[in-house]
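>
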Amino acid sequence: METQKVAILIDADNANSALIEQILNEVGKYGRITVKRIYGDWTTQRNNKWKNVLNTYAIRPIQKFAYANAKNSSDIALVIDAMDLLHSKIVDSFCIVSSDSDYTGLAHRIREEGLNIIGIGKEHTPEAFKKACITFIWEENLENNNETKFNNVKLPSNKKVINYDLIQKAFNMVQNDSGMALFSKFSEALRKIDPEFDYRSYGFNNFTNFCKSLSGYEIFTHQDKTTYSLKVK
């Protein structure tokens, strides 16, 4: 299968420069990043932190001068570029890095073309934009990548509470005739139902530990010792 080509478009005013390495590593899981652009007014000191990392990570800055509404100017430029890329058909997937709901319509348009759309932003990003994305990743989970991982299966009190309605719906979608759901298919089903699903949001460092924590379910190890399924106890 040919590797997906990904365009990452960053709203400088609504993204964290300190997380750029984690952001690029995360997006790289979805394919080869062939377009890296960031939008903002580079004549102001506000974006100085971004200026320090652009060359290091080969990100192309797009200048949008601050006229009456600097925020709106950058938003429009990003949307126009995204539409140009969409029509050029040179990428298979888009990632918009922003916590701004103004990109909701763009995300819907990309989905209508059958392309993958990933969003990266704060947990408090408006629901409209998060739900418009096929996958939405919390910035806060990327911040935790450099912190101590949760290696046990106990759910930390400061993390999300597991929604068992979501678990059951996803399991029912992909279970086979033997009543088991392959991890890969189960994870995909969770994301289809909830674009925000991320095991890190529940305090776990991998999907296996997340599944171990699920009450009423157990893990089945296949003969190759590397393939796992979930089944009801």
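The numbering of the sequence shown is the UniProt record's numbering, which starts it at 1 and goes up by one. All residues carry an ideal CB built from backbone N, CA and C; glycine is no exception. As the structure is a prediction and not an experimental result, all values here were calculated from the model.
Is N141 closer than 7 Å to D177 when the C-beta atoms are compared?
No, the Cβ-Cβ distance between D177 and N141 is not below 7 Å.
> Considering Cα atoms alone, identify which of F220, Y164 and E139 is closest to G179.
Taking only the C-alpha atoms, the option nearest G179 is F220.
> Cβ atoms of G31 and residue 278: under 7 Å apart, would you say?
With the chain covering 1 to 233 only, the question about residue 278 has no answer from this structure.
> Comparing C-alpha positions only, which one of T208, A7 and I96 sits nearest to I120?
With distances taken between Cα atoms, I120 lies closest to I96.
> Expressed to the nearest angstrom, what Euclidean distance is found between the alpha-carbon atoms of W42 and D100?
Computed Cα separation, rounded: 20 Å.
> Closest to T104 by C-alpha separation, out of T208, K131 and M173, would be which residue?
If we check each option's Cα against that of T104, K131 comes out closest.
> Taking all protein chains shown into account, do 16 or more other C-beta atoms lie within 10 angstroms of the C-beta of R60, making it buried, or fewer, making it exposed?
Exposed, by the Cβ-count rule.
> Please identify the residue among V79, Y39, A7 and K29 whose C-alpha is closest to the C-alpha of S17.
S17 has its Cα closest to that of Y39, out of V79, Y39, A7 and K29.
> Measuring CB to CB, does R111 end up less than 7 Å from I117?
Yes, the Cβ-Cβ distance between R111 and I117 is below 7 Å.
> With DSSP as the reference, identify every bridge partner of S93, one or two as the case may be.
Bridge partners of S93: V6 and N116.
> Apply the 10 Å Cβ neighbour rule to S229 and answer buried if 16 or more other Cβ atoms are within range, or exposed otherwise.
So S229 counts as buried.
> Using three-state DSSP, classify W42 as helix, strand or coil.
In the structure shown, W42 sits in coil (DSSP, three-state: anything other than H, G, I, E or B).
> For A77, which option in K49, L106, I90 and Y57 has the closest C-alpha, if you only look at C-alpha atoms?
The shortest C-alpha separation from A77 is found at L106.
> Helix, strand or coil: how does DSSP classify A58 here?
Three-state DSSP puts A58 in coil, outside helix and strand.
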